[in-house]
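If you're matching them up, the sequences are chains H and Z in order. Start counting at 1 in the first sequence, then tack on 140, and there's your number in my numbering. Start counting at 1 in the second sequence, then tack on 140, and there's your number in my numbering. Worksheet for the structure shown next.
Protein chains: 2
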Amino acid sequence: MTRAERLTQALEERRADVFISAIRPNQLYFLPHPEPSSVISRANCCAIVFGLNEPVVFPGIWISNACRDLLTDCTVIENTHGDPLPEDQLLVYLRKAGLKRIIVDQPGLAESLRGQIDGCQIECEDLGTEIRRKKDARDLEHMREAARIADLGMTAAFAAIRPGLSCLDVIAEGEYAMLKAGAEDATMSPAVGEGTFYLDSAENPRRLIREGDMIFIDMAIHVRGYLGDMTRAGIVGEGTEEQRVLLETVQRAYKTGVAAMVPGADGADIYRQVVTCFAERGWKDYYVHHLSHGLGLGGDLPRIGSAAADVLRVGDALSCEPGVYIPGLGGARVENMIYVGEEGPEELTRCPLDLPMDL
Amino acid sequence: MTRAERLTQALEERRADVFISAIRPNQLYFLPHPEPSSVISRANCCAIVFGLNEPVVFPGIWISNACRDLLTDCTVIENTHGDPLPEDQLLVYLRKAGLKRIIVDQPGLAESLRGQIDGCQIECEDLGTEIRRKKDARDLEHMREAARIADLGMTAAFAAIRPGLSCLDVIAEGEYAMLKAGAEDATMSPAVGEGTFYLDSAENPRRLIREGDMIFIDMAIHVRGYLGDMTRAGIVGEGTEEQRVLLETVQRAYKTGVAAMVPGADGADIYRQVVTCFAERGWKDYYVHHLSHGLGLGGDLPRIGSAAADVLRVGDALSCEPGVYIPGLGGARVENMIYVGEEGPEELTRCPLDLPMDL
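So, in structure tokens, the structure goes:
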């Protein structure tokens, strides 16, 4: 089924006429355009009404002309200098549309519409995030591209690591490589030091790298709206036996986690297996964050953490990112982008866990 | 007067015992540390109580160890695995502190404290942003560094512009130069095309630059917590007579604006003078944004726009950034960082308005 067909089905199940999206990832997902992230280029689209003959777009002033010129298969309600706010234009439109039941993905917008349209019921439900969970061919194509660029950037950053350079020197190489390769934006967060910090992006980025440091680099990039996300960790030089054990333990925890990411697996079980890897070393308390967030256009499902964990399904895409940060020793985190296929987990990011440095 | 003395004076005027800051720029401003942005490295510090013998810091878990180890002139209430939330630690602390009147800079925190501490009055007022408005020597030192790095990055980006390259190729050079020069983060937003868009950062960043394009690049960087911000515009090649008039008009509007930024000037007057530059060409409706925002650690005063405009004072630092974006012709914006000294406006960013390209 196409994206539009899946939405139609969800609307029929709920006996609703339309789905109004104010959330950018949902807007991008359902828009009939080959590269919607270059049109809805910022969170400035008030709402898009899906479920009629063609989508009706209510852009904010900053992207109104772009929407008018580029969204050829949509009705665009232009918003230019001196016009009423797009929220008001939406309300005027809906009052004339004769709809009986509307589903809105954002509580604030739902609240502002409720009681304003005679004879129309407003429900708030984020249909989009649920439908987006199962990745389709287009999702996978763009996620593979994001993963490829992430691999490139991480490899370039690690290749620049040597004592005496700063963290900024290193991530400058990685971010440069990823922008040149087509990422819309690229941010790398290096963490290096004696392990007195829990941090991931914290710490002084101007810090000079020293022999014996443990270092890890996380990143966030976007490629055609899709998140690229990975982390690699290493030791600058030989390091101590204890540091090597730390690094190997995190890598083993990662492998344990990803191996368990099969369709039907309960995220809570996967999380426990990862915690066990750390607990065996007495490091349970130093693993302080989630294991997985969903991947895609943003705010994605499923999630795996100590507070809440989903059961995995075929078509899920999620991170696997265990890490520990031990005062006086060092910190490490390893992360890949994972696709849950019928045959099991597939790593979308694929560069080696131990990346060579400039040593 | 020192920052601490100015805060003490403000507290005395309000007969308040302490100022509790939950807003990162205010926290950075008053902390007794040479580089607080490398310690409070993210918006994860719940609150800092200022006005006692030394600041009392309530960090979130991610930066707790960093605060403990690096903030030597503060009392740090550590927050580690299994501890109550720092919000709760703050309440416990305040209940024992015997304070009569507290000023809090964030409405949410003020609301959560109100009525929870016997005999203590909670007021919400953002004292910090007001005190931070008048720049001191340290502010200026860091803002000059941010401006120097911004100049470098913009010059590098423009030097890379040539037909056939993408916007990403260009900003990769600029961001690389700025990270290497010590910016903690660097984002450039290029806008190029036929002028059908109002946008600044919108549009497809993979678009290939063409001869005859109008192009402008805005940026946001941080250097020791301080914003670096500038915009340059140009024409790729000769362009048309009309494009050259557009570019010159924006440059003239910029010069008109900055010349008017003297102590005591009313921002509303300055705004009108800039609008007049565009109105004379019939382009009034294409100038759709503010002229100035404050500069510093974030959320700064003063502001100049159509909706609200402040009267300028000695010690102000603000952007001056007029621009117009005309469908079918092109868009241009010019922006510098301005310091309002006793003698008048000083441009902190100083590279030429017409930067050379790789043509």
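Ideal placement from N, C-alpha and C gives every residue a C-beta, glycine not left out.
Backbone secondary structure at residue i - three-state DSSP
i, result
"Pro-165 (chain H)", "helix"
"Ile-478 (chain Z)", "strand"
"Met-401 (chain Z)", "coil"
"Ala-449 (chain H)", "strand"
"Leu-231 (chain H)", "helix"
"Arg-154 (chain Z)", "coil"
"Gly-200 (chain H)", "coil"
"Gly-259 (chain Z)", "coil"
"Thr-389 (chain Z)", "helix"
"Thr-215 (chain H)", "strand"
"Gly-238 (chain H)", "coil"
"Ile-160 (chain Z)", "strand"
"Ser-459 (chain H)", "strand"
"Ala-317 (chain H)", "helix"
"Gly-422 (chain H)", "coil"
"Ser-341 (chain H)", "Low confidence applies to Ser-341 (chain H): its pLDDT is 39, below 50, so where it sits in the model is not reliable, and the reading given next is rough at best. Ser-341 (chain H): coil per DSSP, three-state reduction."
"Pro-226 (chain Z)", "helix"
"Pro-492 (chain H)", "coil"
"Glu-281 (chain Z)", "helix"
"Gly-293 (chain H)", "helix"
"Val-332 (chain H)", "strand"
"Glu-382 (chain H)", "helix"
Chain Z residues whose Cβ lies nearer than 7 Å to that of residue i
i, result
"Val-428 (chain H)", "Ile-201, His-221"
"Pro-345 (chain H)", "Glu-324"
"Pro-467 (chain H)", "Asn-205"
Chain H residues whose Cβ lies nearer than 8 Å to that of residue i
i, result
"Ile-311 (chain Z)", "Leu-319"
"Leu-308 (chain Z)", "Leu-319, Lys-320, Gly-322, Ala-323, Glu-324"
Residue i versus the options, residue with shortest Cα-Cα distance
i, options, result
"Glu-486 (chain H)", "H:Gly-397, H:Arg-272, H:Tyr-426", "H:Gly-397"
"Gly-365 (chain Z)", "Z:Met-283, Z:Ser-446, Z:His-430, Z:Glu-378", "Z:Met-283"
"Thr-215 (chain Z)", "Z:Asp-223, Z:Leu-225, Z:Phe-198", "Z:Phe-198"
"Gly-379 (chain Z)", "Z:Met-401, Z:Arg-350, Z:Gln-391, Z:Arg-372", "Z:Arg-350"
"Pro-492 (chain Z)", "Z:Asp-353, Z:Gly-445, Z:Tyr-394, Z:Glu-194", "Z:Tyr-394"
"Met-318 (chain Z)", "Z:Ile-289, Z:Asp-309, Z:Arg-273", "Z:Ile-289"
"Thr-389 (chain H)", "H:Arg-182, H:Arg-273, H:Ala-472", "H:Ala-472"
"Gly-436 (chain H)", "H:Asp-276, H:Ile-217, H:Cys-207", "H:Asp-276"
"Ile-242 (chain H)", "H:Gly-422, H:Gly-259, H:Asp-228", "H:Gly-259"
"Gly-407 (chain Z)", "Z:Tyr-427, Z:Ala-419, Z:Val-428, Z:Gly-434", "Z:Gly-434"
"Gly-377 (chain Z)", "Z:Pro-496, Z:Arg-412, Z:Ser-432", "Z:Pro-496"
"Leu-253 (chain Z)", "Z:Gly-191, Z:Val-414, Z:Ala-162, Z:Ser-181", "Z:Ala-162"
"Leu-441 (chain H)", "H:Arg-421, H:Leu-499, H:Glu-270", "H:Glu-270"
"Ala-297 (chain H)", "H:Ile-257, H:Ile-357, H:Ala-448", "H:Ile-357"
Buried versus exposed call for residue i [16 or more other C-beta atoms within 10 Å across all chains shown]
i, result
"Thr-212 (chain Z)", "exposed"
"Gly-235 (chain Z)", "According to the sequence provided, residue 235 (chain Z) is Arg. The question's Gly does not apply to it. By the 10 Å Cβ count, Arg-235 (chain Z) comes out exposed."
"Val-244 (chain Z)", "buried"
"Lys-240 (chain Z)", "exposed"
"Arg-490 (chain H)", "exposed"
"Asp-425 (chain Z)", "exposed"
"Ala-144 (chain H)", "exposed"
"Arg-372 (chain Z)", "buried"
"Glu-315 (chain H)", "buried"
"Gln-383 (chain H)", "buried"
"Val-158 (chain Z)", "buried"
"Gly-293 (chain Z)", "buried"
"Asp-340 (chain Z)", "Caution is warranted here: a pLDDT of 40 is assigned to Asp-340 (chain Z), below 50, making its placement in the model unreliable, and no coordinate value can be reported."
"Val-81 (chain Z)", "With chain Z running from 141 to 499 in the structure shown, residue 81 (chain Z) is simply not present."
"Gly-335 (chain H)", "In this prediction, Gly-335 (chain H) has a pLDDT of 49, which is less than 50 and means its spatial position is unreliable; what the coordinates show is noted afterwards. By the 10 Å Cβ count, Gly-335 (chain H) comes out buried."
Amino acids of chain Z, ordered along the chain, whose beta-carbon sits closer than 9 Å to that of residue i
i, result
"Thr-327 (chain H)", "Asp-325, Thr-327"
"Leu-175 (chain H)", "Just to set this straight, residue 175 (chain H) is Glu in the shown sequence, not Leu. By Cβ distance, chain Z contributes Asn-344, Arg-346."
Interface partners of residue i on chain H, CB under 7 Å
i, result
"Ser-459 (chain Z)", "Within chain H, no residue comes near Ser-459 (chain Z); the closest Cβ sits about 18 Å away, beyond 7 Å."
"Ser-161 (chain Z)", "The premise fails here: Ser-161 (chain Z) is roughly 19 Å from chain H at the closest Cβ pair, so nothing lies under 7 Å."
Opposing strand residues paired with residue i [DSSP bridges]
i, result
"Ala-95 (chain H)", "For residue 95 (chain H) there is no data in the structure shown, the boundaries of chain H being 141 and 499."
"Val-464 (chain H)", "H:Ala-472"
"Tyr-366 (chain Z)", "Z:Val-363"
"Thr-371 (chain Z)", "Z:Asp-358, Z:Glu-475"
"Pro-303 (chain Z)", "For Pro-303 (chain Z), which the question treats as bridged, DSSP gives no partner whatsoever."
"Leu-348 (chain Z)", "Z:Ser-306"
"Asp-406 (chain H)", "H:Val-451"
"Cys-264 (chain H)", "H:Val-244"
"Gly-434 (chain H)", "H:Leu-458"
Residues that residue i contacts on chain Z, provided the C-beta gap is smaller than 8 Å
i, result
"Glu-281 (chain H)", "Chain Z residues near Glu-281 (chain H): none, gap ~15 Å exceeds 8 Å."
Neighbour list for residue i in chain H, Cβ cutoff strictly below 9 Å
i, result
"Glu-315 (chain Z)", "Ala-312, Glu-315, Tyr-316, Leu-319, Ala-326"
Proximity test, Cβ basis, 8 Å: residue i and chain A
i, result
"Asp-425 (chain Z)", "Among the protein chains in the structure shown, which are H and Z, there is no chain A."
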